[in-house]
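Under the UniProt record's numbering, the very last position in the sequence shown is 336; numbers go up by exactly one each time. Where a beta carbon is used, it is the ideal one built from N, C-alpha and C, also for glycine. Fair warning: this is a prediction, and the values are worked out from it, not measured in the lab.
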Amino acid sequence: MLAAGLLSTGLEAEDRVLICGSNNAHFLVSALACARSGLVFSLMNPNFSNPQQLLYALNKGEFRAIICFPANKEAEFLNALLNEIATELKHSAKGHVSSKALPKLTHVITAEEDHKHAGTFTLSEVYGRSSRERIEKLPNFDGWDPHKLVALQYTTGVSARPKLVGLSHYQLVNGCRVAAQAVGLNDSTALCCALPLFKMPIFALVALAPFVTGTRVIFPSPSPLPKFLFDSIKKYQCTQLLTNAVALRLVLKIALSQRVELPSIKTVILVGERVPGELLNSIRKQLVNVEQTFNGYMLTEVATIPIMTNDPANMLKSVGKPLSGFTVWFEFDLQP
């Protein structure tokens with residue numbers, strides 16, 4: 001429904017849509033709807049430090065639309081930034097935003113349903129524009145080239161300035177498949193995600209694994225340390241926990257103080273950094289049924305976790321080895 005609704009607003013195939021948000025169902029569905037309708041989506045943390053960051057992101061990516069989800073800072077945070085950047089928004093018709101500062105932007109969509117503004121669709125409005133006839137007119141994906149561009153994503157900027165990389169349907173699905181197989185996801189497992197979905201490798205694994213492997217996925221809340229993490233793991237009997245070393249250290253500390261046990265967890269998947277030995281010891285002591293602990297390195301350019309290991313001795317020295325289908329090579333600048 002949302003895919004048809006998006007096209008009904010005047011957006012066209014291959015238009016670019018920036019989705020600013022984190023871990024909630026509509027955020028995930030918005031990205032899938034863009035892919036289904038032939039739009040090109042990009043995911044971004046909604047908690048911008050200043051208006052210039054949002055201005056740069058929108059103009060650099062030449063985005064025609066932005067979908068705004070609540071930020072941690074305040075209600076309508078993104079709408080306030082947009083109005084500061086583009087004062088014309090207050091006097092624009094929906095789908096016809098015209099701003100000197102944002103020359104490509106025509107569509108603003110907000111998921112904060114309690115607020116309505118000139119020039120801005122609410123997400124429920126876009127859903128409501130769908131119809132059976134419009135759904136039937138969606139692009140026929142059976143004839144799509146799997147290497148068709150589906151996403152643009154900014155890199156993290158850890159080793160160089162952030163840059164936009166293009167990702168295809170094949171890259172997202174295949175990246176999910178390789179990582180899911182490595183950590184043992186299947187139709188009898190349940191993956192609990194305690195990491196933000198606006199990171200493309202995390203999104204690809206969490207959003208697509210149910211389709212690729214049949215697993216269930218649970219993401220408790222948008223916060224860095226999900227408020228309902230323990231309750232979610234217990235309620236859905238999660239077998240895999242996806243997080244990072246810093247967050248897990250705090251989670252285990254809280255679990256110890258509150259005497260929380262998580263016996264359903266069989267696999268811990270840590271991404272982003274090397275794992276200290278003390279954390280491995282804590283996992284063994286507190287998560288008594290854990291059979292495997294993985295450590296991996298995310299790479300935006302391939303939308304997955306291509307480097308991974310489940311060897312505890314290896315984790316203390318590195319972030320792993322390339323998974324099946326990936327090769328690592330080193331390039332040195334030999335010029336003085």
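Local conformation of Ser282 per DSSP, three classes: The count along the sequence shown starts at 1 and reaches residue 282 at position 282. Note: Ser282 maps to helix in three-state DSSP.
Element boundaries [alpha helix (DSSP H), containing Cys34]: Locating residue 34 in the sequence shown gives position 34, counting from the first residue. Element bounds for Cys34: 25 to 37.
Pick from Phe63, Thr120, Leu229 that is closest to Thr87, judged by C-alpha positions: Residue 87 sits at position 87 when you count from the first residue of the sequence shown. It is Thr120.
Neighbourhood of Ser264 by C-beta distance below 7 angstroms, restricted to the same chain and skipping five residues each side: The residue labelled residue 264 in the question sits at position 264 within the sequence shown. Taken in chain order, the residues that qualify are Ile233, Gln237, Cys238, Thr239.
Given Lys253 as reference, the closest of Ile269, Lys235, Phe230 once Cα atoms are compared: Position 253 of the sequence shown, counted from the start, is the residue given in the question as residue 253. For Lys253, the nearest C-alpha among the options comes from Phe230.
Supposed close pair Ala303, Leu270 - CB separation, criterion 8 angstroms: Within the sequence shown, the letter at position 303 stands for residue 303. Within the sequence shown, the letter at position 270 stands for residue 270. Contact flag wrong, Cβ pair sits at about 19 angstroms.
Contact belief for Phe48 with Val17 at Cβ below 8 angstroms, rounded distance in angstroms: Counting from 1 along the sequence shown, the entry for residue 48 is found at position 48. Counting from 1 along the sequence shown, the entry for residue 17 is found at position 17. 17 angstroms between Cβ atoms; not a contact.
7 angstroms CB neighbourhood of Thr189 in its chain, flanking five on each side removed: By one-based count along the sequence shown, residue 189 stands at place 189. For Thr189, where only same-chain residues beyond five positions count, the Cβ hits under 7 angstroms are Thr215, Thr239, Gln240.
CB contact flag (Ala151, Cys176, <8 angstroms): Working through the sequence shown from its first residue, we reach residue 151 at position 151. Working through the sequence shown from its first residue, we reach residue 176 at position 176. Their beta carbons are not under 8 angstroms apart, which means Ala151 does not touch Cys176 by this criterion.
Sub-8 angstroms separation of Ala65 and Leu11 beta-carbons: For this step, residue 65 is matched to residue 65 along the sequence shown. For this step, residue 11 is matched to residue 11 along the sequence shown. For Ala65 and Leu11, yes; Cβs fall inside 8 angstroms.
Straight-line Cα distance separating Ser8 from Pro46: As a first step, residue 46 must be located in the sequence shown, where it is residue number 46. As a first step, residue 8 must be located in the sequence shown, where it is residue number 8. Near 25 angstroms, if we compare the C-alpha coordinates of Ser8 and Pro46.
Same chain, Cβ closer than 6 angstroms to Arg36, five either side skipped, listed in chain order: Walking along the sequence shown from the start, residue 36 turns up at place 36. The residues are Ala3.
Cross-strand partners of Gly296 (DSSP beta bridge): Stepping through the sequence shown from its first residue, residue 296 is reached at position 296. In the DSSP output, where bridge partners are listed per residue, Gly296 has Val271, Met308.
Among Pro322, Phe141, Ala93, nearest to Leu39 - alpha-carbon criterion: Start at 1 with the first residue of the sequence shown, and residue 39 comes out as number 39. Residue Phe141 is the option with its Cα nearest to Leu39.
Sequence-distant residues of the same chain with beta carbon closer than 6 angstroms to Gly21, five excluded per side: Here residue 21 refers to the residue found at position 21 of the sequence shown. Non-local beta-carbon contacts of Gly21 in its own chain, meaning distances under 6 angstroms to residues more than five positions away in sequence, involve Phe27, Pro46, Phe69 in chain order.
Spatial distance of Val97 from Ile85 (CA atoms): On the sequence shown, position 97 is the one that residue 97 refers to. On the sequence shown, position 85 is the one that residue 85 refers to. Answer to the nearest angstrom: the Cα atoms are 12 angstroms apart.
Sub-8 angstroms separation of Leu105 and Leu54 beta-carbons: Walking along the sequence shown from the start, residue 105 turns up at place 105. Walking along the sequence shown from the start, residue 54 turns up at place 54. For Leu105 and Leu54, no; Cβs fall outside 8 angstroms.
Cβ neighbour criterion (16 or more within 10 Å) applied to Ala13: Against the sequence shown, residue 13 aligns to sequence position 13. So Ala13 ends up on the exposed side.
Beta-ladder partner(s) of Arg16, from DSSP: In the sequence shown, residue 16 corresponds to position 16, counting from 1. Answer by DSSP bridge pairing, in chain order: Val40.
Classification of Pro201 by the beta-carbon crowding that lies within 10 angstroms, buried from 16 upward: Translated into positions along the sequence shown, residue 201 becomes position 201. It is buried - the Cβ of Pro201 has at least 16 other Cβ atoms within 10 Å.
Cβ-based burial, Asp145 [other Cβ within 10 Å; buried from 16]: By one-based count along the sequence shown, residue 145 stands at place 145. A residue is called buried when at least 16 other Cβ atoms come within 10 angstroms of its Cβ; Asp145 does not meet this threshold and is exposed.
His169 (DSSP reduced to helix, strand or coil): Here residue 169 refers to the residue found at position 169 of the sequence shown. DSSP, reduced to helix, strand and coil, places His169 within a helical segment of the structure shown.
Proximity of Thr300 and Thr155 at Cβ, strictly below 8 angstroms: To locate residue 300, count along the sequence shown from 1; it is residue 300. To locate residue 155, count along the sequence shown from 1; it is residue 155. For the pair Thr300 and Thr155, the CB atoms are nearer than the 8 angstroms cut-off.
C-beta atoms of Phe294 and Thr309 nearer than 8 angstroms: Here residue 294 corresponds to residue number 294 of the sequence shown, with the count starting at 1. Here residue 309 corresponds to residue number 309 of the sequence shown, with the count starting at 1. In contact: Phe294 and Thr309 (Cβ atoms closer than 8 angstroms).
CB-CB length for Ser124 against Glu112, believed under 8 angstroms: Start at 1 with the first residue of the sequence shown, and residue 124 comes out as number 124. Start at 1 with the first residue of the sequence shown, and residue 112 comes out as number 112. The Cβ separation is near 11 angstroms, so there is no contact.
Close-in-space but distant-in-sequence residues of the same chain around Leu195 (CB under 8 angstroms, 5 per side omitted): Here residue 195 refers to the residue found at position 195 when the sequence shown is read from its first residue. Once the five neighbours on either side are set aside, the close Cβ partners of Leu195 are Ile202, Leu242, Thr243, Asn244, Ala247, Val271.
Lys60 (DSSP reduced to helix, strand or coil): If you number the sequence shown from 1, residue 60 lands on position 60. Looking at Lys60 - three-state DSSP - the assignment turns out to be helix.
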